[in-house]
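Trainee: Here the working numbering is used: the first residue of the sequence shown is 8, the next is one more, and so on.
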Amino acid sequence: MSAGESSIPFATGEGTRTLQDRSLRLFIVLSAFFCVNAALAEFIGVKIFALEDTLGIAPLQWNLFGQNGSLNFTAGTLLWPVVFLMTDVINEFFGRRGVRMISWLAAILIAYGFLFAFAAIALAPAGWWVKAAQAQGVPDYQAAFAAIFGQGMWSIGGSLVAFMLGQLIDVAVFHRIRSVTGDKHIWLRATGSTAVSQLVDSFVVLYIAFVLGPQHWPIPQFLAIGSVNYVYKMLAAVAMIPLIYLLRVWIHGYLGHARAKQLQDEAAAD
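Listed below in structure tokens is the structure:
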């Protein structure tokens, strides 16, 4: 066997074109889901919804740090669990460099999206368009558009800083746990890394956006709302554990056990 032949140990007979590499296609698909969910979570996060009313149950009052309230969350919380899932799967098969690359890419795309949202707000609206949705109860389309897409800079900055800190911490903790457990107990490194990273994420974003920002929340309110958000994220992370195992099984079937194992070994050594 020549040196050229030995460099392709898992050739499948599909040819040697780059996009025919299943591991590359897998990384592209996982990265796309990661980035689109992270970006969408930022943009739809402007809406606050009542969980109890959504589920049709009586309000559940919490009382923490002398504060009380019901279960109100941003709409972005619907998508962040998918981001956690993609982070853990990419961590498992593509290692630190894979997660860091897509995290920076997602942050750049989110900033790019907000840049053009503000540019769109600044465009002079057509006169007929401003009143186009009056029949739907929207008297000023331009004002509604600006209110939805024109999030405050403190919120945008806080979410981006918290996102990147959370991702970098997540990948570090994930691999620290992996160095002890090996390939076993993926649930432990997935939930353990999320537990630490989201503890930071949940409080950093609120601190920057609402304590340092113009609303100047008192510390008890900051601690109470941050704690409620953190508990939600941890419950969501635990609920996603079966999906991590299902994706792992699917990836082994898609790539073949030998190729999937090779990726896992490379990720662990990264």
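Quick reminder that beta carbons are idealized off the backbone N, C-alpha and C, glycines included. The structure presented is a predicted model; accordingly, all values stated were derived computationally and were not measured.
Using the beta-carbon count (16 or more within 10 Å), is Ile258 buried or exposed?
Mentor: With 16 or more other Cβ atoms within 10 Å, it is buried.
Trainee: Compute the beta-carbon to beta-carbon distance between Gly157 and Ala216, rounded to the nearest angstrom, for a pair I have assumed lies under 8 Å.
Mentor: Actually they do not touch by this definition, with Cβ atoms about 15 Å apart.
Trainee: Does DSSP put Gly20 in a helix, a strand or coil?
Mentor: Any reading at Gly20 is ruled out, since the residue's pLDDT is 45, under 50, leaving its predicted position unreliable.
Trainee: Hey, how far is the Cα of Asn236 from the Cα of Ser209?
Mentor: Near 7 Å, if we compare the C-alpha coordinates of Ser209 and Asn236.
Trainee: Beta carbon of Leu250, beta carbon of Phe101: below 8 Å?
Mentor: Cβ distance not < 8 Å, so Leu250 and Phe101 don't count as in contact.
Trainee: When the Cα of Tyr239 is compared with those of Asn79, Val53 and Ala65, which residue comes out closest?
Mentor: Among Asn79, Val53 and Ala65, the Cα nearest to that of Tyr239 belongs to Asn79.
Trainee: Looking only at DSSP bridge pairs, what is Gly165 linked to?
Mentor: DSSP, once it has assigned bridges, lists no residue as partnering Gly165.
Trainee: Gly11 to Thr84, Cα distance in whole Å?
Mentor: Interpretation of Gly11 is limited by its pLDDT of 40, a score under 50 that renders its predicted location unreliable; the figure taken from the coordinates is listed afterwards. Going from the Cα of Gly11 to the Cα of Thr84 covers about 48 Å.
Trainee: Using the three-state DSSP reduction, which class does Gly134 fall into: helix, strand or coil?
Mentor: Gly134: helix per DSSP, three-state reduction.
Trainee: Start and end of the alpha helix (DSSP H) containing Leu33?
Mentor: First-last of the alpha helix (DSSP H) with Leu33: Arg29 to Ile51.
Trainee: By the three-class DSSP mapping on this structure, what secondary structure does Phe72 have?
Mentor: Residue state, collapsed to three classes: coil.
Trainee: Is it right to say Val178 is buried, meaning 16 or more other beta carbons lie within 10 angstroms of its own, or is it exposed?
Mentor: That one is buried.
Trainee: Using only alpha-carbon positions, find the residue among Ala39, Phe121, Trp69 and Ile176 that is nearest to Ile51.
Mentor: Selected option, being the one with the closest Cα: Phe121.
Trainee: If you draw a straight line from the alpha carbon of Arg255 to that of Ile184, how long is it in whole angstroms?
Mentor: Their backbone Cα atoms lie some 18 Å apart in a straight line.
Trainee: Are three or more beta carbon pairs between the stretch 103-113 and the stretch 35-52 nearer than 8 Å?
Mentor: Cβ pair count under 8 Å is three or more, so yes.
Trainee: Can you tell which of Lys138, Val218, Val207 and Ala267 has the C-alpha that lies nearest to the C-alpha of Met241?
Mentor: With distances taken between Cα atoms, Met241 lies closest to Val207.
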